[in-house]
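J.: Residue numbers (this note's numbering): 159 to 389.
The beta carbon of each residue, even a glycine, is placed where N, CA and C say it ideally should be.
I have a structure here, written as structure tokens, and I will follow up with some questions on it.
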Amino acid sequence: MAPAVDNLGTNCEPRLIAEQGIAARVAAISEPVLDGIGYRLVRVKIFGADGCTVQIMAERPDGTMTVEDCEAVSRALSPVLDVADPIDRAYRLEVSSPGMDRPLVRRSDFVRFAGHLVKLEMMIARDGRRRFRGLLLGVEGDAARIRRDNSSPGESDEVLLPIDEMAEAKLVLTDALIAESLRRGKAAERAAQRQQAENGQPANRENSEAQHKHVQSAPVDHRGDAQNEGE
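See the structure below:
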């Protein structure tokens, strides 16, 4: 059984970067379920040529996510997706943590990871370009200030980009990011151990920002009677 998650129902900060199309439909179904059990939706991605995989990326309010958490989210989501049936073919459900080089989707993500290298893609071109890479300096209102590492002659090194106009934003894996992620993981693990000791539970959870995931062993068919075959 996965450990209980604190702050149930309080994960209301909106995602400023969201999905389109079918992935947006899956996100609209999934987000209330995750919020209800104390997790936050990070991203939904649908991919696969031969087989379809629906990836749900989630996290606890403190940014951690363990294998047990992934399993708990998968158990909660599967029956809801069965009923809602947002995809018209069989698919494999994969629930994962954001990982170290994680997507940034909320304003608080950009605040939290200021000082780290990011790469961004805008929905609408800014200063004649859609893709940016550079040091995340911080947040001003609902815009992120970036110091570009690939500016052309005559261009300003710094640019202010509205977060809600970004199609994608994610961290770039660097030694500094790895070191900070390990520090965060150790701090979260110590906090979990203290809480478990107070509750009289064994301290057997591992918290880190290394990616964890739980994948269903076989695709699930959500197309009407097909899911009941053999019963």
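Between which residues of its own chain and residue 322 is the CB-CB distance below 7 Å, once the five residues before and five after are set aside?
T.: The residue you call residue 322 lines up with position 164 of the sequence shown. Taken in chain order, the residues that qualify are 174, 300.
J.: Alpha carbon to alpha carbon, how far is residue 282 from residue 206?
T.: For the purposes of this step, residue 282 is taken as the residue at position 124 of the sequence shown. For the purposes of this step, residue 206 is taken as the residue at position 48 of the sequence shown. Rounded to the nearest angstrom, the two C-alpha atoms are 27 Å apart.
J.: Please report the straight-line C-alpha distance between residue 178 and residue 302, rounded to a whole angstrom.
T.: Taking the first residue of the sequence shown as 1, we reach residue 178 at position 20. Taking the first residue of the sequence shown as 1, we reach residue 302 at position 144. If you take the alpha carbons of residue 178 and residue 302, they lie about 22 Å apart.
J.: Among 190, 265, 203, 229, whose alpha-carbon lies nearest the alpha-carbon of residue 320?
T.: As a first step, residue 320 is located in the sequence shown; it is residue number 162 there, counting from the start. Comparing Cα-Cα distances from residue 320 to each of 190, 265, 203, 229, the minimum goes to 265.
J.: Report the three-state DSSP secondary structure of residue 170 (helix, strand or coil).
T.: The residue you call residue 170 lines up with position 12 of the sequence shown. If DSSP states are grouped into helix, strand and coil, residue 170 belongs with coil.
J.: What is the DSSP secondary structure of residue 132, reduced to helix, strand or coil?
T.: The chain is shown from 159 up to 389; residue 132 falls before or after that span and cannot be answered.
J.: Using DSSP with H/G/I as helix, E/B as strand and the rest coil, what is residue 239?
T.: Translated into the one-based positions of the sequence shown, residue 239 becomes position 81. Helix at residue 239.
J.: How would you label residue 241, buried or exposed, when you count the other beta carbons within 10 angstroms and need 16 or more for buried?
T.: For this step, residue 241 is matched to residue 83 along the sequence shown. Per the 10 Å Cβ criterion, exposed.
J.: Could you check whether residue 275 and residue 332 sit closer than 7 Å to each other, using their CB atoms as the reference points?
T.: Against the sequence shown, residue 332 aligns to sequence position 174. Against the sequence shown, residue 275 aligns to sequence position 117. Yes. Within cutoff.
J.: What's the gap between the Cα of residue 277 and the Cα of residue 358?
T.: On the sequence shown, residue 277 is found 119 positions in, with the first residue counted as 1. On the sequence shown, residue 358 is found 200 positions in, with the first residue counted as 1. C-alpha separation (whole angstroms): 44 Å.
J.: Unbroken alpha helix (DSSP H) runs of length 4 or more, entirely within the segment 202 to 273: which are they?
T.: The qualifying runs are 225 to 242, 265 to 270.
J.: Could you have a look at residue 176 and say whether DSSP puts it in helix, strand or coil?
T.: Start at 1 with the first residue of the sequence shown, and residue 176 comes out as number 18. Looking at residue 176 - three-state DSSP - the assignment turns out to be coil, as it is neither helix nor strand.
J.: Does the pairing of the segment 280 to 297 with the segment 250 to 257 give three or more beta-carbon distances under 8 Å?
T.: Touching, no, given that fewer than three Cβ pairs across the two stretches are closer than 8 Å.
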